[in-house]
DNA sequence: ATGGGGGCCTGCCGGC
DNA sequence: TGCCGGCAGGCCCCCA
């Protein structure tokens, strides 16, 4: 899925279009994604104004004027498309309904938001805004990787007691919330740490370097407008560019980009997921 | 208690 | 050309 930079890119694309707008019509084409939609979802969204569109980890959070918050998760293959005429920044006509268009929201300014998700690993939920910290999707999440809360002191303290691989520690959303497979691979490469190294076996110095490297990778990806892989698109349908900047992800067998390194990028499977790394640069 | 693996879904791509 | 296996950005759940 879209990891943090892709979700943030979607959020930034949606803000000028739907923030402050009222939802005038809701179309729900099936009862669930990964889980059943919340009770009365269409009715609870109808006639609500989106007062603020936020992001927490990989979740989009739309605060509604009535005191509830609409949560959207894109899973692996979810995307949102915006269409509408006379809107300046986006001028496409509403497209004909596509396969896997599961939820369609029409706004007071004529904008239409279509949620499309072939694999249906995504999720939607609605909760009382003041009870956000109790929401089942959010309550266990660790700090945002771009916040000051995620710093070298915090991370070294958490990591020193973890016997699992650094790869799996970084993917654990309770430890830091928003990283996924791509940006973990890229951050570990930048820091020269092997994905299979046990977190507790890595020195404070190296763990400390990982923190700013994670920030840098995420920030560069956000600046580039996210990564467009198989099915990610910006909210307005444009493609992101960060995938052209991957050093290791998806580059098995290609030369390591480190100057003077003559190794090829390798792939291994950890916890059922591919890790891409340079066997020479990452120890 | 922690970590590893399976499962949820569909689509796409490469090999035979 | 057609079929089949492998693989995909996430995350929950079960088992050891």
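Residue numbers (this note's numbering): 884 to 1166.
Ideal placement from N, C-alpha and C gives every residue a C-beta, glycine not left out.
- Taking a contact as a CB-CB distance under 8 Å, the pair residue 1006 and residue 1020 counts as one, their CB atoms being some 7 Å apart.
- According to DSSP, residue pairing for residue 1009 in a beta bridge involves 953.
- For residue 1131, no alpha helix (DSSP H) segment is defined, and its DSSP state is neither H nor E.
- The residue from 1068, 1047, 1083 with its alpha-carbon nearest to that of residue 886 is 1068.
- Looking from the CA of residue 966, the closest CA among 960, 1076, 975, 958 belongs to 975.
- Restricted to the segment 1006 to 1056, the beta strand (DSSP E) segments that are unbroken, complete and at least 3 residues in length are 1006 to 1011, listed in chain order.
- The beta carbon of residue 949 lies closer than 7 Å to those of 931 in the same chain, with the five residues before and after it left out.
- In the structure shown, the three-state DSSP call for residue 1145 is coil.
- In the three-state reduction of the DSSP assignment, residue 1000 falls in the coil class.
- Beyond the five residues adjoining it in sequence on each side, residue 1026 comes within less than 8 Å, by CB distance, of 1032, 1033, 1037, 1059, 1060 in the same chain, given in chain order.
- Using a 10 angstroms sphere on the CB of residue 1165, the tally of other CB atoms reaches 16 or more, which defines it as buried.
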